[in-house]
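Participant: Line by line, the protein sequences give chains A and B. For what it's worth, our numbering labels the leading residue of the first sequence as 140, then goes sequentially. For what it's worth, our numbering labels the leading residue of the second sequence as 639, then goes sequentially. Built from N, CA and C at the ideal position, the CB exists for glycine as well. One structure follows; several queries about it will come next.
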Amino acid sequence: MDLITQAAAVDVEARAVMPARELGAYEALWAREGTTFKALADLFRENLGSVPSDLVSPAEAEQYARLALGTIRAAGVKHFGIRVHGAGEYPEKLRDAQHPVELLYFQGNWDITSSRCIAIVGTRRPTDDGVRRAAKLSRSFVDAGFTVVSGLAQGIDTVAHRTAIDAGGLTVAVLGTPITASYPAENEELQHHIADEFLAISQVPIVRYSRQGPSGNRFWFPERNVTMSALTEATVIVEAGNTSGTLIQARHAIQQGRKLFILDNCFRNSELTWPAKFAERGAIRVSDFEEIRAHLAG
Amino acid sequence: MLADRLTGIDETNRSSYFFLDEDDRCLFFGEFHVGKGWSGGPTNQLISNYKRTPSEIAASHNAGKLQYYKDTAVSEIAAGLRRQFSPQDINVKYTFVPVPGSKIVGDPDYCDRLAKTLRAAFLPFGAADIRQLLRVTQSTEADHRSGGGRLRYEELLAITELDRAQLARRLREVVVLFDDVLTSGKHYKVAKTRIREGFPNQPILGIFVARAIHRNPFEEFAF
Numbered sequence: 140m141d142l143i144t145q146a147a148a149v150d151v152e153a154r155a156v157m158p159a160r161e162l163g164a165y166e167a168l169w170a171r172e173g174t175t176f177k178a179l180a181d182l183f184r185e186n187l188g189s190v191p192s193d194l195v196s197p198a199e200a201e202q203y204a205r206l207a208l209g210t211i212r213a214a215g216v217k218h219f220g221i222r223v224h225g226a227g228e229y230p231e232k233l234r235d236a237q238h239p240v241e242l243l244y245f246q247g248n249w250d251i252t253s254s255r256c257i258a259i260v261g262t263r264r265p266t267d268d269g270v271r272r273a274a275k276l277s278r279s280f281v282d283a284g285f286t287v288v289s290g291l292a293q294g295i296d297t298v299a300h301r302t303a304i305d306a307g308g309l310t311v312a313v314l315g316t317p318i319t320a321s322y323p324a325e326n327e328e329l330q331h332h333i334a335d336e337f338l339a340i341s342q343v344p345i346v347r348y349s350r351q352g353p354s355g356n357r358f359w360f361p362e363r364n365v366t367m368s369a370l371t372e373a374t375v376i377v378e379a380g381n382t383s384g385t386l387i388q389a390r391h392a393i394q395q396g397r398k399l400f401i402l403d404n405c406f407r408n409s410e411l412t413w414p415a416k417f418a419e420r421g422a423i424r425v426s427d428f429e430e431i432r433a434h435l436a437g
Numbered sequence: 639m640l641a642d643r644l645t646g647i648d649e650t651n652r653s654s655y656f657f658l659d660e661d662d663r664c665l666f667f668g669e670f671h672v673g674k675g676w677s678g679g680p681t682n683q684l685i686s687n688y689k690r691t692p693s694e695i696a697a698s699h700n701a702g703k704l705q706y707y708k709d710t711a712v713s714e715i716a717a718g719l720r721r722q723f724s725p726q727d728i729n730v731k732y733t734f735v736p737v738p739g740s741k742i743v744g745d746p747d748y749c750d751r752l753a754k755t756l757r758a759a760f761l762p763f764g765a766a767d768i769r770q771l772l773r774v775t776q777s778t779e780a781d782h783r784s785g786g787g788r789l790r791y792e793e794l795l796a797i798t799e800l801d802r803a804q805l806a807r808r809l810r811e812v813v814v815l816f817d818d819v820l821t822s823g824k825h826y827k828v829a830k831t832r833i834r835e836g837f838p839n840q841p842i843l844g845i846f847v848a849r850a851i852h853r854n855p856f857e858e859f860a861f
């Protein structure tokens, strides 16, 4: 059944996305054993045109909505919204991800997603040079009218966000935690500032996260890199080790047809094997902002 | 293109709309970012084109283009609306009512874009019931252009009335009140109040092209 026929079969109100019901259904799907982003994406591929509440009983959606909304209130989250595939303002560019998210939470000014967005990412333990480069790039992107997107982690991410804010620009944090939690703890204030004044996005289900420990919850971080790449026009890697989570984003940026820029210093570090590997697959080796800018359209 | 599905007002977003309460059933397609203009995204651009006044268009060097963009917005919104209803429901279940604008018929800035959109969306189905059930008795400054001098609810209620001439036929099972932007819910609530005075148990559903998102996020999404 195509989407239009499907729409015609159901009452207009029953078919509308009700945010509480929808987030409850999303949380309920995640509460099922064995749920992963891949499994969920497969489920929605098999049920084209569906939203989470089409796949969960109303009672279950309601039960999980109460749990999630209770956690949101208890965490002191005063404002938030959701985006649902098929409903208004869902970013279609997310569909370029291998396993696109069907629902995400956000806090702040969603209209920032209409601006030109660039991800600046890298290691949690940068060298002094890495910090300097990340700050310089972030400032240059702001000056050129771009929004700086990053993952709120320690190190390069933090420098990218803070510099963008200090430079009077816009920034977006794509979280590896639900909107009800913060990681790392020292960035809690920065997260709140971004959520209040800019935009924080999370695809992490609140109830599932609350039910599992740190070892289970660390898997959300690489998943958010996939979404970060899909949301942005390009990713810039400032500095990263051979096992850095940043490389997940590099892989997906290439897969999603996004531009991937790797700073020259990464290539010059003989211990690193990944820069050459990604260059072979289409990544662009750059020395400075001007070179990056020249590769970006418009 | 408008979203495939409408989104509803519920406990997570109702507090942004002062005049709405739990009994109000309101749906919208997208979000209009107040004060952000063109940079607010595709919905802002659609609404800007859609709400362009006749005098604005006439005064522009690009009048032809602006009128074209407005007509395109009407078609796009009509197509989005049409996708939400079954032909059976359009022809039997709903009475579609445009929320009256700020200008009376005859005013140079009177604009019937809402009625035009409903007609474009539903008349092709043959038996749609589209009625200008409500009218204002005097022209006022549109809220979004009033620079803070907005009409209070009571003032708007006082100049809004049911057009008895439109009541020769019975209303259908559900009245759909259609408007472009849900800002505070005031116009919707005034329209609903007037209809309910005449028809106390009439089910009413509000459908909007967009809901307004105000600048301070604490005022929008707060529980």
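1. With DSSP collapsed to three states, give me the class of GLY437 (chain A).
2. Against VAL190 (chain A), what residues of chain B qualify as contacts under a CB-to-CB distance less than 9 Å, listed in chain order?
3. Identify the contact partners of ARG810 (chain B) in chain A, using a Cβ-Cβ distance below 9 Å as the criterion.
4. Just to confirm, are ILE318 (chain A) and VAL216 (chain A) a CB contact at a threshold of 9 Å?
5. Select from B:ARG808, B:VAL774, B:CYS749 and B:SER724 the residue whose C-alpha is nearest the C-alpha of GLU799 (chain B).
6. Quick one: Cα of LEU789 (chain B) to Cα of TYR706 (chain B), how far?
7. Would MET367 (chain A) be called buried (16 or more neighbouring beta carbons within 10 Å of its own) or exposed?
8. May I ask which residues mark the beginning and end of the beta strand (DSSP E) holding HIS671 (chain B)?
9. For GLY308 (chain A) and SER724 (chain B), I'd like the C-alpha separation in whole angstroms.
10. Can a CB atom of chain A be found closer than 9 Å to the CB of PHE861 (chain B)?
11. Under 8 Å Cβ-Cβ, which residues of chain A neighbour PHE666 (chain B)?
12. So which residues of chain B does ASP427 (chain A) contact, with C-beta pairs closer than 8 Å?
13. How would you list, in chain order, the residues of chain B whose beta-carbon sits under 8 Å from the beta-carbon of ARG154 (chain A)?
14. Taking only beta-carbon positions, decide if PHE183 (chain A) is within less than 9 Å of chain B.
15. To the nearest angstrom, report how far apart PHE861 (chain B) and THR710 (chain B) are at their CA atoms.
16. Quick check: what's the CA-CA separation for PHE245 (chain A) versus GLY355 (chain A)?
17. Determine the chain A residues that contact HIS671 (chain B) at a beta-carbon separation under 7 Å, and present them in chain order.
18. Inspect the beta-carbon positions of PHE846 (chain B) and LEU658 (chain B) and report whether they are closer than 9 Å.
19. Once the 5 residues before and after THR144 (chain A) are set aside, which same chain residues still bring their CB inside 6 Å of it?
20. May I ask you to verify whether the stretch 331-350 of chain A touches the stretch 165-178 of chain A, counting CB pairs closer than 8 Å and requiring at least 3?
21. Can you name the residues that DSSP bridges to TYR244 (chain A)?
22. Determine, using beta carbons only, whether GLY269 (chain A) comes closer than 9 Å to chain B.
23. ARG263 (chain A) and GLN237 (chain A) - do their beta-carbons sit closer together than 9 Å?
24. So, is ARG358 (chain A) buried or exposed, given that buried needs 16 or more other C-beta atoms within 10 angstroms?
25. With a Cβ-Cβ cutoff of 9 Å, do ASP818 (chain B) and LYS689 (chain B) count as a contact?
26. Below 7 Å CB to CB, which residues in the same chain sit around VAL195 (chain A) once its five sequence neighbours on both sides are set aside?
27. Would ASN364 (chain A) and LEU411 (chain A) be called neighbours here (beta carbons separated by less than 9 Å)?
28. Any contact of the stretch 272-284 of chain A with the stretch 252-261 of chain A, i.e. 3+ C-beta pairs under 8 Å?
29. By DSSP's criteria, GLY844 (chain B) is part of a beta bridge. Which residues make up the other side?
30. Going along the stretch 313-332 of chain A in order, which residues come within less than 9 Å of chain B, judged by CB to CB distance?
31. Does the beta carbon of GLU714 (chain B) sit closer than 9 Å to a beta carbon anywhere in chain A?
32. Taking only beta-carbon positions, decide if SER777 (chain B) is within less than 9 Å of chain D.
33. Could you check where the alpha helix (DSSP H) with ARG453 (chain A) kicks off and where it finishes?
34. Can you say whether PRO738 (chain B) is buried or exposed, counting buried as having 16 or more other CB atoms within 10 angstroms of its CB?
35. To which residues of the same chain is ARG757 (chain B) closer than 7 Å at the C-beta, ignoring the five residues directly before and after it?
36. Given a cut-off of 9 Å on the beta-carbon distance, is the pair THR310 (chain A) and PHE337 (chain A) in contact?
Facilitator: Considering the structure as presented:
1. Within the first sequence, numbered from 1, the residue matching residue 437 (chain A) stands at position 298. Reduced to three states, the DSSP call for GLY437 (chain A) is coil.
2. Numbered from 1 along the first sequence, position 51 holds the residue referred to as residue 190 (chain A). Within chain B, the residues near VAL190 (chain A) are ARG643.
3. On the second sequence, residue 810 (chain B) is found 172 positions in, with the first residue counted as 1. Correct list: empty, because the minimum Cβ distance to chain A is about 13 Å.
4. By one-based count along the first sequence, residue 318 (chain A) stands at place 179. By one-based count along the first sequence, residue 216 (chain A) stands at place 77. For ILE318 (chain A) and VAL216 (chain A), yes; Cβs fall inside 9 Å.
5. As a working mapping, residue 799 (chain B) is identified with position 161 in the second sequence. Looking from the CA of GLU799 (chain B), the closest CA among B:ARG808, B:VAL774, B:CYS749 and B:SER724 belongs to B:VAL774.
6. For this step, residue 789 (chain B) is matched to residue 151 along the second sequence. For this step, residue 706 (chain B) is matched to residue 68 along the second sequence. Distance between LEU789 (chain B) and TYR706 (chain B), taken at the CA atoms: about 31 Å.
7. Numbered from 1 along the first sequence, position 228 holds the residue referred to as residue 367 (chain A). It counts as buried.
8. Taking the first residue of the second sequence as position 1, residue 671 (chain B) is located at position 33. For HIS671 (chain B), the enclosing beta strand (DSSP E) covers residues 664-671.
9. In the first sequence, counting from the first residue as 1, residue 308 (chain A) sits at position 169. In the second sequence, counting from the first residue as 1, residue 724 (chain B) sits at position 86. Their Cα atoms are separated by approximately 46 Å.
10. Walking along the second sequence from the start, residue 861 (chain B) turns up at place 223. Low per-residue confidence applies at PHE861 (chain B): pLDDT is 41, beneath 50, and the placement is therefore not dependable enough to give any value.
11. Taking the first residue of the second sequence as 1, we reach residue 666 (chain B) at position 28. Those within 8 Å of PHE666 (chain B) in chain A are GLY227.
12. Here residue 427 (chain A) refers to the residue found at position 288 when the first sequence is read from its first residue. Listed along the chain, the chain B residues whose CB falls inside 8 Å of the CB of ASP427 (chain A) amount to none; the nearest CB is some 28 Å away.
13. As a first step, residue 154 (chain A) must be located in the first sequence, where it is residue number 15. Close partners of ARG154 (chain A) in chain B (Cβ separation under 8 Å): ARG643, LEU644 and GLN722.
14. Counted from its first residue, the first sequence places residue 183 (chain A) at position 44. No, PHE183 (chain A) does not count as interfacial toward chain B.
15. Within the second sequence, residue 861 (chain B) is the residue found at index 223, counting from 1. Within the second sequence, residue 710 (chain B) is the residue found at index 72, counting from 1. Annotation note: pLDDT 41 at PHE861 (chain B) (below 50); position unreliable, coordinate value reported separately. Distance between the alpha carbons of PHE861 (chain B) and THR710 (chain B): 37 Å.
16. Position 106 of the first sequence, counting from 1, holds the residue named residue 245 (chain A). Position 216 of the first sequence, counting from 1, holds the residue named residue 355 (chain A). Computed Cα separation, rounded: 22 Å.
17. Position 33 of the second sequence, counting from 1, holds the residue named residue 671 (chain B). Result: ASP250.
18. Mapped onto the second sequence, residue 846 (chain B) falls at position 208. Mapped onto the second sequence, residue 658 (chain B) falls at position 20. Cβ atoms of PHE846 (chain B) and LEU658 (chain B): not closer than 9 Å.
19. For the purposes of this step, residue 144 (chain A) is identified with residue 5 of the first sequence, where counting begins at 1. Reliability of the predicted coordinates at THR144 (chain A) is poor, the pLDDT of 42 falling under 50, and no value is obtained from them.
20. Contact holds: three or more Cβ-Cβ distances are below 8 Å.
21. Within the first sequence, residue 244 (chain A) is the residue found at index 105, counting from 1. Answer is A:ILE221 and A:SER341, bridged to TYR244 (chain A).
22. Within the first sequence, residue 269 (chain A) is the residue found at index 130, counting from 1. Not an interface residue.
23. Within the first sequence, residue 237 (chain A) is the residue found at index 98, counting from 1. Within the first sequence, residue 263 (chain A) is the residue found at index 124, counting from 1. Annotated as distal: GLN237 (chain A) and ARG263 (chain A), with beta-carbon spacing of 9 Å or more.
24. In the first sequence, counting from the first residue as 1, residue 358 (chain A) sits at position 219. According to the sequence provided, residue 358 (chain A) is Phe. The question's Arg does not apply to it. PHE358 (chain A) counts as exposed, since fewer than 16 other C-beta atoms from the protein chains shown sit within 10 angstroms of its C-beta.
25. Counting from 1 along the second sequence, the entry for residue 818 (chain B) is found at position 180. Counting from 1 along the second sequence, the entry for residue 689 (chain B) is found at position 51. Taking the C-beta atoms as reference points, LYS689 (chain B) is found nearer than 9 Å to ASP818 (chain B).
26. Sequence index remark: in the first sequence, residue 195 (chain A) carries index 56 (1-based). Taken in chain order, the residues that qualify are ALA164, ALA167 and LEU168.
27. As a position in the first sequence, residue 364 (chain A) is number 225, starting the count at 1. As a position in the first sequence, residue 411 (chain A) is number 272, starting the count at 1. At a Cβ-Cβ threshold of 9 Å, ASN364 (chain A) and LEU411 (chain A) do not count as neighbours.
28. With the cut-off at 8 Å, the stretch 272-284 of chain A and the stretch 252-261 of chain A touch.
29. Against the second sequence, residue 844 (chain B) aligns to sequence position 206. Looking at the DSSP output, GLY844 (chain B) sits in a beta bridge with B:CYS664 and B:LEU815.
30. Within the stretch 313-332 of chain A, no residue qualifies.
31. The residue you call residue 714 (chain B) lines up with position 76 of the second sequence. No, its Cβ sits nowhere closer than 9 Å to a Cβ of chain A.
32. In summary, chain D is missing from the structure at hand, where the protein chains are A and B.
33. The shown model of chain A, from 140 to 437, leaves out residue 453 (chain A), and the question about it has no answer.
34. Taking the first residue of the second sequence as 1, we reach residue 738 (chain B) at position 100. Buried.
35. Here residue 757 (chain B) refers to the residue found at position 119 when the second sequence is read from its first residue. Closer than 7 Å at Cβ, skipping near neighbours: ILE768.
36. Within the first sequence, residue 310 (chain A) is the residue found at index 171, counting from 1. Within the first sequence, residue 337 (chain A) is the residue found at index 198, counting from 1. It is a contact, given that the beta carbons lie within the stated cut-off.
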